[in-house]
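Residue numbers (my numbering): 128 to 253.
Idealized CB from N, CA, C, for every residue including glycine.
Bear in mind that the values here come from a model prediction, so they are computed numbers and not experimental data.
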């Protein structure tokens with residue numbers, strides 16, 4: 128198993144990995160929505176081969192649209208801008224980097240693993 132993006136072992140200990148899609152289903156810097164149980168997750172494949180998984184639910188609009196956001200970077204941080212109100216989120220941490228004058232909010236983040244051409248997420252949010 129290749130770990131594409133991880134959090135501390137303590138944070139994910141005891142949780143199972145769930146297959147959400149194949150790597151072939153992802154396009155570089157294009158979001159894809161997937162279901163993990165009953166939760167919508169936005170997946171992003173970056174140019175360096177890393178896959179990031181964050182909540183598809185925009186905390187500012189309440190709409191499941193993050194997978195349709197604009198991918199970019201802020202310094203060395205991969206980001207996605209919500210297509211609704213344009214808040215920018217760090218794909219590694221889920222932290223909102225530009226609140227557009229609103230209260231701070233963050234996206235949930237999931238650890239990602241790639242194994243045999245399939246993408247797995249650690250069940251439960253970080």
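(request) Confirm, please, whether the CB-CB distance from residue 177 to residue 247 is below 7 Å. (result) Taking 7 Å as the Cβ cut-off, residue 247 and residue 177 do not qualify as a contacting pair.
(request) Within 10 angstroms of the Cβ of residue 213, are there 16 or more other Cβ atoms? Answer buried if so, exposed if not. (result) Residue 213 counts as exposed, since fewer than 16 other beta carbons sit within 10 angstroms of its beta carbon.
(request) Going by DSSP, name the residue or residues bridged to residue 247. (result) Per DSSP, 146 and 240.
(message) Judging by CA-CA distance, which residue of 189, 162 and 174 is the nearest neighbour of residue 206?
(response) Nearest of 189, 162 and 174 to residue 206, Cα basis: 174.
(message) Out of 215, 155 and 142, which one is the CA nearest neighbour of residue 228?
(response) Minimum Cα distance to residue 228 is reached at 215.
(request) Pick helix, strand or coil for residue 225, following the three-state DSSP scheme. (result) In this structure, residue 225 counts as strand in the three-state DSSP scheme.
(message) Beta-carbon within less than 6 Å of residue 201's beta-carbon, same chain only, minus the 5 sequence neighbours each way: which residues are those?
(response) Excluding positions up to five away in sequence, the list reads 224.
(request) Could you tell me the boundaries of the beta strand (DSSP E) in which residue 182 lies? (result) Where residue 182 is concerned, the enclosing beta strand (DSSP E) stretches over 178 to 182.
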